[in-house]
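Q:
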């Protein structure tokens, strides 16, 4: 199984400069932060995604922390790029196939893009729940 150039560049980029690729975290208790976390029991990959939103529900910043293979980490950096500047409504339209296609993931690694989509869904659910209490 060969990784695409995009996967390799993103994975190596995170290793060299995690901040540039938005690896890290926000305070999950902050009112403008939404958090989603998912995992894949079969392979042990875990992704945490955090969205920073403004009053118009536009995603102004993103952070992730992923424990997993190079494809999982590359998928995380890809969804960061796809999410920045989007509204919650637009973010809901991002699907695992979009991430997989952008990274040219091999079939055996498609679960990484599914985890990424699931993390987005979890973060949006967290945001919607926070809005009910504020």
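Residue numbers (the numbering used here): -18 to 115. Beta carbons are placed, not taken as given, at the ideal position from N, Cα and C, and that holds for glycine.
So, with DSSP's three-state summary, where would you put residue 86?
A: For this step, residue 86 is matched to residue 105 along the chain shown. If DSSP states are grouped into helix, strand and coil, residue 86 belongs with coil.
Q: Per the contact definition of three or more C-beta pairs closer than 8 Å, is the stretch -12 to 8 in contact with the stretch 57 to 68?
A: Contact between the stretch 57 to 68 and the stretch -12 to 8 is present, because at least three Cβ pairs lie under 8 Å.
Q: Count the CB pairs spanning the stretch 91 to 102 and the stretch 70 to 79 that are closer than 8 Å, and state whether there are at least three.
A: They touch, by the three-pair rule.
Q: Candidates 46, 53, 13 and -4: which alpha carbon is nearest residue 109's?
A: Here the question's residue 109 lines up with position 128 in the chain shown. For residue 109, the nearest C-alpha among the options comes from 13.
Q: Do the CB positions of residue 47 and residue 18 come within less than 8 Å of each other?
A: For the purposes of this step, residue 47 is taken as the residue at position 66 of the chain shown. For the purposes of this step, residue 18 is taken as the residue at position 37 of the chain shown. Result no, Cβ atoms of residue 47 and residue 18 do not sit closer than 8 Å.
Q: Taking a contact to mean a Cβ-Cβ separation below 8 Å, would you say residue 45 touches residue 34 in this structure?
A: Sequence index remark: in the chain shown, residue 45 carries index 64 (1-based). Sequence index remark: in the chain shown, residue 34 carries index 53 (1-based). Not in contact: residue 45 and residue 34 (Cβ atoms no closer than 8 Å).
Q: Once the 5 residues before and after residue 136 are set aside, which same chain residues still bring their CB inside 7 Å of it?
A: Any question about residue 136 goes unanswered here, given that the chain covers just -18 to 115.
Q: Rounding to the nearest angstrom, what Cα-Cα distance links residue 85 and residue 113 in this structure?
A: In the chain shown, counting from the first residue as 1, residue 85 sits at position 104. In the chain shown, counting from the first residue as 1, residue 113 sits at position 132. Using only the alpha carbons, I get a separation of about 38 Å.
Q: To the nearest angstrom, how far is it from the Cα of residue 32 to the Cα of residue 94?
A: Numbered from 1 along the chain shown, position 51 holds the residue referred to as residue 32. Numbered from 1 along the chain shown, position 113 holds the residue referred to as residue 94. In a straight line, the C-alpha of residue 32 is about 18 Å away from that of residue 94.
Q: Please look up how many angstroms separate the CB atoms of residue 49 and residue 25, rounded, as I've assumed it's under 8 Å.
A: In the chain shown, residue 49 corresponds to position 68, counting from 1. In the chain shown, residue 25 corresponds to position 44, counting from 1. Indeed, because the Cβ distance is near 7 Å, the residues count as touching under 8 Å.
Q: Thinking just about the alpha-carbon of each residue, which of -1, 11, -13 and 40 is nearest to the one in residue 68?
A: Position 87 of the chain shown, counted from the start, is the residue given in the question as residue 68. The residue with the shortest Cα to Cα distance from residue 68 is 40.
Q: Could you compute how far the alpha carbon of residue 63 sits from the alpha carbon of residue 80?
A: Along the chain shown, read from residue 1 onward, the residue named residue 63 stands at position 82. Along the chain shown, read from residue 1 onward, the residue named residue 80 stands at position 99. Their Cα atoms are separated by approximately 9 Å.
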